[in-house]
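Residue numbers (the working numbering): 4 to 264. Glycine included, C-beta positions come from ideal geometry on N, C-alpha and C.
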Ligand code: 1HE
């Protein structure tokens, strides 16, 4: 296991081919300062090349309390745009970085913390997790890509309700509406996220790349263009030597069958 850190509040542990990125600011509920946001960007820009999947989690009782409100000074409109664009750049590196990212959620997943979780490819939540967008009651608006990503998970109507009324979703409701794909008992999110990351790391890299980079774009395209893009990316993936050897393994009885358990 190799540990390093680009910022005192962000740790990177590389365990084999899995990178574990941990928010380490428990005393402030992992509130995302500008420095922490930039460190997230740099961490995903500089993952070691042998890493095949990543997990993000948060130290302490909460995953993340969102934007560091103590840094919210008087900003004029121009500064506000640059600040929001800085978040966009960092969370784009999470979503469209080199490897799939699994978020291990517990406690508060709120505001910018929910925006960060939404940039990940899979969310595993433990039973203590809760989701909120307090921006609505703080007189501000989401600025970290939440208005693009969160409606894709739960729909525009639910996000509007959360911001207008301060509605908080608990872990069970959160899974039901689509915040998390996996719900596990309290304290087990990281273990489950690691299990999933190890499974993801076994996939052919080009398949993972297609899922991260092609699928969300295809989903945004008109159907006719989507079908065409799908034909291109699927033919690229299946022409890779790794795809050919995996197919041969199945046909010759060496690969696992699909099973229910
Ligand atoms: C913070 C922050 C923060 C806690 N920025 N310092 N996010 C919010 O509006 C959520 C604000 N936070 C909370 O509602 C609660 O802190 C929690 C539900 C997350 C956790 O409650 P609790 O009781 O465990 O902790 P606490 O006692 O409230 O907080 C512990 C410390 O963390 C305390 O500091 P201390 O010096 O008094 O010990 C808090 O001030 C500090 N803290 N959250 C700064 N967010 C790109 S745009 C995104 C826009 C947003 O994300 S807006 C939503 C911001």
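Kindly list the residues whose CB is nearer than 6 Å to the CB of residue i, restricted to its own chain and excluding five residues on each side of it in sequence; keep chain order.
i	result
residue 130	174, 188, 189
residue 69	113, 114, 115, 116
residue 135	113, 171
residue 265	What is shown of the chain runs 4 to 264, which leaves residue 265 out entirely.
residue 148	91, 94, 118
residue 213	236, 240
If I follow the unbroken beta strand (DSSP E) through residue i, where does it start and stop?
i	result
residue 18	13-18
residue 61	56-61
residue 243	Careful: residue 243 lies outside any beta strand (DSSP E) and carries neither H nor E.
residue 22	21-26
residue 209	Unbroken run through residue 209 is the alpha helix (DSSP H), 208-212; no beta strand (DSSP E).
residue 141	Residue 141 -> not in any beta strand (DSSP E); alpha helix (DSSP H) instead, spanning 138-141.
residue 106	104-108
Which same chain residues end up closer than 7 Å to residue i when comparing Cβ atoms and leaving out the 5 residues on each side of it in sequence?
i	result
residue 161	180
residue 81	none
residue 184	125, 126
Among the options, which one has its Cα closest to the Cα of residue i?
i	options	result
residue 2	251, 72, 244, 22	Nothing about residue 2 can be reported from this structure: the residues present for the chain run from 4 to 264 only.
residue 140	46, 166, 107	166
residue 196	125, 48, 169	125
residue 169	64, 142, 152	142
residue 138	52, 252, 213, 75	75
residue 193	46, 122, 106	106
residue 29	64, 6, 56	64
residue 10	27, 17, 20	27
Verify whether the separation of the beta carbon atoms of residue i and residue j is less than 9 Å.
i	j	result
residue 38	residue 90	no
residue 231	residue 132	no
residue 93	residue 44	yes
residue 221	residue 236	yes
residue 217	residue 58	no
residue 121	residue 152	yes
residue 102	residue 33	no
residue 178	residue 258	no
Assuming residue i is part of the alpha helix (DSSP H), what are its boundary residues?
i	result
residue 257	Taken as a continuous stretch (DSSP letters only), residue 257 belongs to no alpha helix (DSSP H), as it is neither H nor E.
residue 47	37-48
residue 179	174-180
residue 151	149-157
residue 97	80-98
residue 222	218-223
residue 193	192-204
residue 119	115-122
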